[in-house]
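Counted the way our numbering counts, the sequence shown spans residues 6 to 283.
Glycine included, C-beta positions come from ideal geometry on N, C-alpha and C.
Since this is a predicted model, take the numbers as computed values, not measurements.
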Amino acid sequence: MFLPRPLQVIVRDDDVSALTSADGLWELYGPAWERRQPVCLFVVPLGSPQIVEARPAPGPMTAVPLAENVDLCDSINRAILEGQVEIGLHGLHHSLGEFDIPDSAAVLELLDESKAIIESALPRARLRTFVPPRESMSASARDTVLEQGFNICAASTALWSPSRWGWWLRRLSRKSGWPGFHRPISLDDTRWLFPCDEYLFTAARHPEQCLKRARWMAVWCAFAGWPLICVNHHWELLGAGQSGLRRAWWTFLVDLLEMDNVQFTTFNTYQPGHSRAN
Ligand SMILES: [Zn+2]
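Listed below in structure tokens is the structure:
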């Protein structure tokens, strides 16, 4: 892979919860951690099997607080201390429509409860970035999350609702494979919106196609001067029968790690245009 200009890379893994195995995360991100590069883990404070279901059945669920997975919390706490993991917030239960609600007081309650559970398990986590569960949040939830000082990384449609023309344009661009990366937007230099419409390594595509597209996106983002946000679901990559997808991810990750003009960064520390090669 040849990059025409320096590239910043942010690795984002979603749906980390008490049900996540520390060994599984190490399997996916070990190459980065061995080279002391950071990975952003977006945590669901109350874990349950419905997190990974596209359409979970409504009704009560048994939820496991993050702290109950002692192995996971120990290894994340160590990695935070070593500056190799940044923790972000990814809902409370990750249920359907959880943040797609108009009541900002209810959003505040969700945020407070989520933060309290994570901070009790991961006391050194600096929770400053939010990813809405299931790529869905109301405009008032978005504004409340921003008022609380968070950056947000989400699909562009979750950050600003497009007009009818915008929806049509978006459908057309997705159909024709146009890159789903955008310039991050700074809000008064303290918070950022990171629109990202791409999941690069997904079981929905053949691993070879994932790798080819990821390389193309790296070139695209380098050329545009935007960060390449690699969004993964560890449970998808670690799923049975996904060894090809894992190999494709490792190939891409190691390629990036070995390039002189690639800098790994995080949402909390992102600075536009800052790169080792500058
Ligand atoms: Zn998620």
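Query: When we look at the beta-carbon of A121 and count the other beta-carbons within 10 Å, is it buried (16 or more) or exposed?; Result: exposed
Query: Could you say which of I234, D18, W165, F199 lies nearest to F155 if we only look at CA atoms?; Result: F199
Query: What residues sit near ligand 1, counting only those whose C-beta is closer than 5 Å to one of its heavy atoms, in chain order?; Result: D19, D20
Query: Could you tell me whether the Cβ atoms of D28 and L46 are closer together than 8 Å?; Result: no
Query: Using DSSP bridges, identify the partner residues of G52.; Result: V69
Query: Within a Cβ cutoff of 7 Å, which residues of the same chain sit near T207, ignoring the five residues on either side of it in sequence?; Result: C215, E241
Query: What first and last residue would you give for the alpha helix (DSSP H) that runs through H98?; Result: Per DSSP, H98 belongs to no alpha helix (DSSP H) and is neither H nor E.
Query: Are the CB atoms of A126 and A72 nearer to each other than 8 Å?; Result: yes
Query: Going by C-alpha to C-alpha distance, which of R133, L86, Q89, P137 sits closest to C201?; Result: P137
Query: Starting from R252, follow the alpha helix (DSSP H) in both directions and report where the run begins and ends.; Result: 248-262
Query: Would you report the Cα separation of V236 and D20, rounded to the nearest angstrom?; Result: 11 Å
Query: Let me know the alpha helix (DSSP H) ranges lying completely inside the stretch 70-143, each 4 residues or longer, listed in chain order.; Result: 75-86, 109-126
Query: Figure out for me which residue from L205, S141, D105, F135 has the closest Cα to the Cα of G182.; Result: L205
Query: Below 8 Å, how does it come out for the stretch 248-267 and the stretch 85-100: are there three or more Cβ pairs, yes or no?; Result: no
Query: In terms of residues, what are the limits of the beta strand (DSSP E) holding L192?; Result: 190-192
Query: With DSSP as the reference, label H238 as helix, strand or coil.; Result: strand
Query: Please report how far the alpha carbon of G246 lies from the alpha carbon of A110, in whole angstroms.; Result: 44 Å
Query: Looking at the structure shown, is F228 part of a helix, part of a strand, or coil, going by DSSP?; Result: helix
Query: At which residues does the alpha helix (DSSP H) containing R169 begin and terminate?; Result: 169-180
Query: Go ahead and pull the three-state DSSP assignment for Q214.; Result: helix
Query: Along the chain, where does the beta strand (DSSP E) that runs through D265 open and close?; Result: Where D265 is concerned, there is no enclosing beta strand (DSSP E), given that its DSSP letter is neither H nor E.
Query: State the Cα-Cα distance for the pair W172 and G93, rounded to the nearest angstrom.; Result: 28 Å
Query: With a 10 Å radius around its C-beta and 16 neighbouring C-beta atoms as the bar for buried, classify P167 as buried or exposed.; Result: exposed
Query: Measuring straight from C-alpha to C-alpha, what distance separates G52 and T134?; Result: 19 Å
Query: Around the Cβ of T271, are there at least 16 other Cβ atoms within 10 angstroms (buried) or fewer (exposed)?; Result: buried
Query: Rounded C-beta distance between A23 and N74? I'm assuming under 8 Å.; Result: 4 Å
Query: Tell me whether R297 sits in a helix, a strand or coil according to DSSP, three-state version.; Result: With the chain running from 6 to 283 in the structure shown, residue 297 is simply not present.
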